[in-house]
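Notes follow once the structure below has been shown.
Protein chains: 2
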Amino acid sequence: MPDTDLAGTYRRYIDCLNRQDWPALGQFVADDVKHNSRPFGLAGYREMLERDFREIPDLYFNIELLVCDPPHVASRLRFNCAPAGTFLGLRVNGRKVSFTENVFYAYHAGKIAQVWSIVDKAAIEAQLAGA
Amino acid sequence: MPDTDLAGTYRRYIDCLNRQDWPALGQFVADDVKHNSRPFGLAGYREMLERDFREIPDLYFNIELLVCDPPHVASRLRFNCAPAGTFLGLRVNGRKVSFTENVFYAYHAGKIAQVWSIVDKAAIEAQLAGA
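Protein chains in written order, with my numbering: chain A, 1 to 131; chain B, 1001 to 1131.
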């Protein structure tokens, strides 16, 4: 059975991102968080997210599938957005693209301690090639 | 709590792939399986896997993280292998690369009915660029 509280905690984290409520980020993300093995810490994690929103002005996180098995959460996120310039090394230049991210989280003491994320770059490449 | 039976079923599926035991694949994969929304069916799914092993002779699936929340399984797979030629459109040409796949499965009646997979193409590109 899913831990509905962990699912709820995760959904509130995603809401926080979509509100760009950066002062609240520390309620959901640990001070020593690692992202894809990089020891970003909370400040570096926030910088990454702020940069994402700067580069993708209409960025919005949609949870397509949520799999909870404490202390882990796995989430398939869907994005429909228009990165302003280069994204993942691809010249998107304001085109609307749709892509997913499959991402795992390890929680510790109620906060995200580790993240292992893969964005579907090949899907964006295919959309740009078909332009 | 994880459904240990579903976790066990999934681990037996991965063992089946690593043995390349294709006659047994139908014990784990539904006849009408879809992969990234493509209605491959069991025969098409087997073809995809056989092609993978042909193009990557030392292919081996390592489960790095398993998140079970019936009827869903999310798995982070690690590969250390040497694709013989082009892989994901990249000219790997026998170089040893290490990369991950974050993949979700929906089970139905004890078998994999849907798969949503993303392979970390950017990680392979970075390794080839650093060659």
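Every residue, glycine too, gets a C-beta built ideally from N, C-alpha and C.
As the structure is a prediction and not an experimental result, all values here were calculated from the model.
Per-residue burial, residue i [other beta carbons within 10 Å of its own, 16 or more giving buried]
| i | result |
| --- | --- |
| Ala1126(B) | exposed |
| Met1001(B) | Low local confidence applies: a pLDDT of 40 at Met1001(B) is under 50, so the model's placement there is unreliable, with the coordinate-based value given in what follows. Result: exposed. |
| His108(A) | exposed |
| Ser98(A) | exposed |
| Arg12(A) | exposed |
| Ala1129(B) | exposed |
| Gln114(A) | buried |
| Arg76(A) | buried |
8 Å Cβ shell around residue i - same chain, five flanking residues per side excluded
| i | result |
| --- | --- |
| Asp31(A) | Gly41, Leu42 |
| Asp988(B) | With chain B running from 1001 to 1131 in the structure shown, residue 988(B) is simply not present. |
| Arg91(A) | Gly85, Leu128 |
Extent of the continuous beta strand (DSSP E) run through residue i
| i | result |
| --- | --- |
| Leu25(A) | No beta strand (DSSP E) contains Leu25(A), which DSSP labels as neither H nor E. |
| Tyr1107(B) | 1097 to 1108 |
| Asp1069(B) | 1062 to 1069 |
| Phe79(A) | 72 to 81 |
The ligand GDP heavy atom lying under 7 Å from the CB of residue i
| i | result |
| --- | --- |
| Arg1076(B) | With respect to the ligand GDP, the structure shown offers nothing to examine, as it has no ligands at all. |
Chain-order list of residues whose beta-carbon lies under 7 Å from that of residue i (same chain, five-residue window excluded)
| i | result |
| --- | --- |
| Ala1007(B) | Leu1066, Cys1068 |
| Asp1003(B) | The pLDDT assigned to Asp1003(B) is 48, lower than 50, so where the model puts this residue is not dependable; a value taken from the coordinates is nonetheless given after this. Closer than 7 Å at the Cβ level, and outside the excluded window around Asp1003(B), lie Cys1068, Pro1070. |
| Leu49(A) | Leu17 |
| Lys111(A) | Phe28, Val29, Ala30 |
| Ile1014(B) | Phe1061, Ile1063 |
| Tyr1045(B) | Val1029, Val1033, His1035 |
Neighbourhood of residue i by C-beta, 6 Å cutoff - its chain only, sequence neighbours within 5 removed
| i | result |
| --- | --- |
| Asn80(A) | Ser98 |
| Glu1064(B) | Arg1076, Arg1078 |
| Gly26(A) | Leu42 |
Best match in the options for proximity to residue i [C-alpha to C-alpha]
| i | options | result |
| --- | --- | --- |
| Arg51(A) | Val115(A), Ser75(A), Ala74(A), Trp22(A) | Trp22(A) |
| Gly60(A) | Ala82(A), Pro70(A), Ala74(A), His72(A) | A small fix is needed here, since residue 60(A) is Tyr in this sequence, not Gly. Nearest of Ala82(A), Pro70(A), Ala74(A), His72(A) to Tyr60(A), Cα basis: Ala82(A). |
| Gln1020(B) | Leu1077(B), Phe1053(B), Ser1037(B), Gln1114(B) | Phe1053(B) |
| Trp1116(B) | Ala1123(B), Val1103(B), Ala1122(B) | Val1103(B) |
| Lys121(A) | Gly110(A), Tyr105(A), Gly89(A), His35(A) | Gly89(A) |
| Asn1062(B) | Met1048(B), Gly1130(B), Leu1017(B) | Leu1017(B) |
| Ser37(A) | Ala129(A), Leu77(A), Tyr105(A) | Tyr105(A) |
| Asn93(A) | Asp15(A), Ile56(A), Ile118(A) | Ile56(A) |
| Phe1087(B) | Glu1064(B), Ile1014(B), Val1119(B) | Val1119(B) |
| Arg1095(B) | Lys1111(B), Ile1124(B), Lys1034(B) | Ile1124(B) |
Bridge partner(s) assigned by DSSP for residue i
| i | result |
| --- | --- |
| Lys34(A) | Gln114(A) |
| Tyr1013(B) | Its beta-bridge partners do not exist; DSSP assigns none. |
| Ala1122(B) | Answer is none; Ala1122(B) lacks a bridge partner. |
| Leu90(A) | Phe87(A) |
Residue-level contact to chain C via CB, residue i, 8 Å cutoff
| i | result |
| --- | --- |
| Val1092(B) | Absent from the structure: chain C. Protein chains present are A and B. |
Boundaries (first-last residue) of the alpha helix (DSSP H) holding residue i
| i | result |
| --- | --- |
| Asp1052(B) | 1041 to 1055 |
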